[in-house]
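Participant: Quick note, the sequences are listed as chains W and V, same order.
Letter 115 of the first sequence, counting from 1, is numbered 114 in numbering that gives the first Met the number 0, and no numbers are missing.
Letter 207 of the second sequence, counting from 1, is numbered 206 in numbering that gives the first Met the number 0, and no numbers are missing.
A virtual CB, placed ideally from N, CA and C, is assigned to each residue, including glycine.
First, the structure itself, so that you have it in front of you.
Number of protein chains: 2
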Amino acid sequence: MPNKLNNNGPEAIDIRCANDQKISCNSCQLNSICLPISLHVDEINHLDEIVQRSKPLQKGSYLYRTNETFRSIFAVRSGSVKAISVSDNGDEQVTGFYLPGEVVGLDGIANNIYTNSVIALETASVCEIPFHRMTELSARLPSLQHHFFRLMSQEITQDQRIITLLSKSNADQRIAAFLLSISARNRRRKLSATAFCLPMSRTDIGNFLGLTIETVSRVFSRLQKQGVLNVNRKDIDIVQIDTLRRISTGTT
Amino acid sequence: MPNKLNNNGPEAIDIRCANDQKISCNSCQLNSICLPISLHVDEINHLDEIVQRSKPLQKGSYLYRTNETFRSIFAVRSGSVKAISVSDNGDEQVTGFYLPGEVVGLDGIANNIYTNSVIALETASVCEIPFHRMTELSARLPSLQHHFFRLMSQEITQDQRIITLLSKSNADQRIAAFLLSISARNRRRKLSATAFCLPMSRTDIGNFLGLTIETVSRVFSRLQKQGVLNVNRKDIDIVQIDTLRRISTGTT
DNA sequence: CGATTGTTTGAGGCCAGTCAAAGTTAGTGG
DNA sequence: CCACTAACTTTGACTGGCCTCAAACAATCG
Numbered sequence: 000m001p002n003k004l005n006n007n008g009p010e011a012i013d014i015r016c017a018n019d020q021k022i023s024c025n026s027c028q029l030n031s032i033c034l035p036i037s038l039h040v041d042e043i044n045h046l047d048e049i050v051q052r053s054k055p056l057q058k059g060s061y062l063y064r065t066n067e068t069f070r071s072i073f074a075v076r077s078g079s080v081k082a083i084s085v086s087d088n089g090d091e092q093v094t095g096f097y098l099p100g101e102v103v104g105l106d107g108i109a110n111n112i113y114t115n116s117v118i119a120l121e122t123a124s125v126c127e128i129p130f131h132r133m134t135e136l137s138a139r140l141p142s143l144q145h146h147f148f149r150l151m152s153q154e155i156t157q158d159q160r161i162i163t164l165l166s167k168s169n170a171d172q173r174i175a176a177f178l179l180s181i182s183a184r185n186r187r188r189k190l191s192a193t194a195f196c197l198p199m200s201r202t203d204i205g206n207f208l209g210l211t212i213e214t215v216s217r218v219f220s221r222l223q224k225q226g227v228l229n230v231n232r233k234d235i236d237i238v239q240i241d242t243l244r245r246i247s248t249g250t251t
Numbered sequence: 000m001p002n003k004l005n006n007n008g009p010e011a012i013d014i015r016c017a018n019d020q021k022i023s024c025n026s027c028q029l030n031s032i033c034l035p036i037s038l039h040v041d042e043i044n045h046l047d048e049i050v051q052r053s054k055p056l057q058k059g060s061y062l063y064r065t066n067e068t069f070r071s072i073f074a075v076r077s078g079s080v081k082a083i084s085v086s087d088n089g090d091e092q093v094t095g096f097y098l099p100g101e102v103v104g105l106d107g108i109a110n111n112i113y114t115n116s117v118i119a120l121e122t123a124s125v126c127e128i129p130f131h132r133m134t135e136l137s138a139r140l141p142s143l144q145h146h147f148f149r150l151m152s153q154e155i156t157q158d159q160r161i162i163t164l165l166s167k168s169n170a171d172q173r174i175a176a177f178l179l180s181i182s183a184r185n186r187r188r189k190l191s192a193t194a195f196c197l198p199m200s201r202t203d204i205g206n207f208l209g210l211t212i213e214t215v216s217r218v219f220s221r222l223q224k225q226g227v228l229n230v231n232r233k234d235i236d237i238v239q240i241d242t243l244r245r246i247s248t249g250t251t
């Protein structure tokens, strides 16, 4: 039952694909992002057999929760999700946003339980990849094994970029870098790199970037006043992307 | 040629082992940290054959540098190292400290070049594990493959803990959490969890925690005045570890 | 329509950064 | 052995950027 979704363009196609059992990794528009270029067609077919496509997640619903037993990793197929980790004293930290083609759940491997919870920011669909079947297949397909090592390494380098951001950058630089990250990931998905709709709230952005929502809002207003951005609620239009780059690197 | 090293206890033993070609992963005191418990003795022997043990790194020397071609991951055998990442605008971020039994180099897998540089904080020795040989072996030894997935997942969850720390905690909490982290890792190595010598400078600590050296120094002084710590240059003696835990969680 | 949630804007305070200087340690060479 | 230097650490006074508190505004939904 295809339900109405608040998405724009390619997302709609993805949702239809997710509900179509005949769809495969081979025909997926996202496979250049999600899968290694080095996998051959027949290797992808093997992978395809173990991938499970489930019905869309509604906004706000959990893909998995902290401390649940780890069984699968998930590739976002449409929509978007956030990962949050809850610390001892109870407050939440958004550790990442995941857009179509990106993979979540890698945190669960370490101790066989997920350390994060993952929540849909909007209606989203995912491809579920049972971990034990993936590892079995990896032993037979060296390029698949290598791909998953690379995926995990990418998550590490990405997290370390965020560490640097939080450790060294002021509010303007964090927001600029954040917008540029979304922009670049949209470009990779053949979407506009300058005009897009943020799927997450100001609260999520602030939480992720270690800022209060007031500060996030103030920086957006300031950048708009400076003519760098046009902001209308969640719609972002990057007017001067080079200026944004200079801001993000602190090059005044 | 065994050279004089400024280390205390177990380190000295490790160094001698590193120079002794007869030493193996099976006899290594650190294998409970470095290797998976699930590996059988004969499996460890296979791994042992591909591990290369090189002569100690001198303090301040590089294990590898940013943008060098990725070939190997490394297990710290004695001493300690720091990983730093250099951002576009040139300044450095310490992304982690690695103590004996811990593994560095996982950042290099993603793009076949190291994104970080790794530098010895003191005289240190490492076990080099050529990545392509490790992956070959992993395809034949499922528990080894699983172990490396776990290692990488641990690095991810560790980095995400640091993200939370930088995003949510004040200076006191950061220092407390940092000391507790070192303490726990010492305990795992059967060393004192309350009395130890920090291998890194105040500058490194501040860089890692997103604080200035002045703030680091002030927090140390304050904690000492409060009777929580005894600090003498790099020697730390945790007097009230429960108080330190309460500080780290923000439980006033 | 009211209620709720999310966003924007303003005023004031505080924590950590900046600047500055003194104290301490380690290393070097005479 | 000591004088000297360089590097590191500590402490103080001051500043500023972001947080806190508060209130108005906007959007969404039943």
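#1: Are the CB atoms of V/G209 and W/S166 within a distance shorter than 8 angstroms?
#2: Counting Cβ pairs, one atom from each stretch, are 3 or more of them under 8 angstroms apart for the stretch 32-52 of chain V and the stretch 109-121 of chain V?
#3: Closest by CA to V/G104, which one among V/T248, V/R139, V/F147?
#4: Along the stretch 157-181 of chain W, where does the CB come closer than 7 angstroms to a CB of chain V? Name the residues.
#5: Under DSSP, the alpha helix (DSSP H) around V/A138 begins and ends at which residues?
#6: Would you say W/H145 faces chain V, with C-beta separation under 8 angstroms as the test?
#7: Would you mind stating whether W/T134 and V/Q144 have Cβ atoms separated by less than 8 angstroms?
#8: Is the Cβ-Cβ distance between V/H45 and V/L136 less than 8 angstroms?
#9: Hey, how far is the Cα of W/L164 from the Cα of W/Q157?
#10: Check whether the stretch 85-100 of chain W and the stretch 193-213 of chain W touch, using three or more Cβ-Cβ pairs below 8 angstroms as the test.
#11: Taking the beta carbon of V/Q20 as the centre, do at least 16 other beta carbons fall within 10 Å, making it buried, or is it exposed?
#12: Below 9 angstroms between beta carbons is the criterion; list the residues of the stretch 72-89 of chain W that meet it against any residue of chain V, in chain order.
#13: What did DSSP end up calling V/G107 once you bin it into helix, strand or coil?
#14: Can you grab the Cα-Cα spacing for the pair W/E154 / W/D106, in whole Å?
#15: Check whether the stretch 24-35 of chain V and the stretch 53-68 of chain V are in contact - that is, three or more C-beta pairs closer than 8 angstroms.
#16: Hey, how far is the Cα of W/I162 from the Cα of W/A82?
#17: Could one say the Cβ of W/I278 lies closer than 8 angstroms to chain V's Cβ atoms, at least one of them?
#18: Considering just the uninterrupted stretch of the beta strand (DSSP E) at W/A74, what are its terminal residues?
#19: Using beta carbons (cut-off 8 angstroms, strictly below), is W/I108 in contact with chain V?
#20: Where do the ends of the alpha helix (DSSP H) carrying V/A192 lie?
#21: Can you grab the Cα-Cα spacing for the pair V/D171 / W/A119, in whole Å?
#22: In angstroms, rounded to a whole number, what distance separates the CA positions of W/I237 and V/K189?
#23: Under 8 angstroms, Cβ to Cβ, is there at least one residue of chain V near W/Q239?
#24: Which stretch, first to last residue, makes up the beta strand (DSSP E) that contains V/L62?
#25: If the cut is a Cβ gap below 7 angstroms, which residues of chain V does W/R149 touch?
#26: What distance in whole Å lies between the Cβ atoms of V/T242 and V/V227, which are believed to be in contact at a cut-off of 8 angstroms?
#27: In chain W, which residues lie with their C-beta within 8 angstroms of the C-beta of V/G249?
#28: Measuring only the C-alpha atoms, how far is V/R184 from V/A192?
#29: Between which two residues does the beta strand (DSSP E) holding V/A119 run?
#30: Measuring straight from C-alpha to C-alpha, what distance separates V/A17 and W/F219?
#31: In this structure, how does DSSP classify V/V215 when only helix, strand and coil are distinguished?
#32: Would you call V/G100 buried or exposed, if buried means 16 or more other Cβ atoms sit within 10 Å of its Cβ?
#33: Have a look at the DSSP bridge pairing and note the partners of W/E91.
#34: Rounding to the nearest angstrom, what Cα-Cα distance links W/R64 and W/S71 in this structure?
#35: Measuring alpha carbon to alpha carbon, tell me which residue in W/S79, W/S124, W/F195, W/D87 is nearest W/K54.
Facilitator: Quick look at the numbers:
#1: yes
#2: no
#3: V/F147
#4: D158, Q159, I161, I162, T163, L165, S166, K167
#5: 130-139
#6: yes
#7: yes
#8: yes
#9: 11 angstroms
#10: yes
#11: Only weak support is given to the placement of V/Q20: the predicted model assigns it a pLDDT of 47, under 50, and the value that follows is read from those uncertain coordinates. Classification for V/Q20: exposed.
#12: A82, S84, S86, D87, N88
#13: helix
#14: 10 angstroms
#15: no
#16: 16 angstroms
#17: No answer is possible for residue 278 of chain W: the residues shown for chain W start at 0 and end at 251.
#18: 71-77
#19: yes
#20: Unbroken run through V/A192: none, as it is neither H nor E.
#21: 34 angstroms
#22: 54 angstroms
#23: no
#24: 61-63
#25: I108, A109
#26: 5 angstroms
#27: N88
#28: 8 angstroms
#29: 116-119
#30: For V/A17, the pLDDT reaches just 42, beneath the cut-off of 50, and the residue's location in the model is therefore unreliable, leaving the point undetermined.
#31: helix
#32: buried
#33: W/V85
#34: 13 angstroms
#35: W/S124
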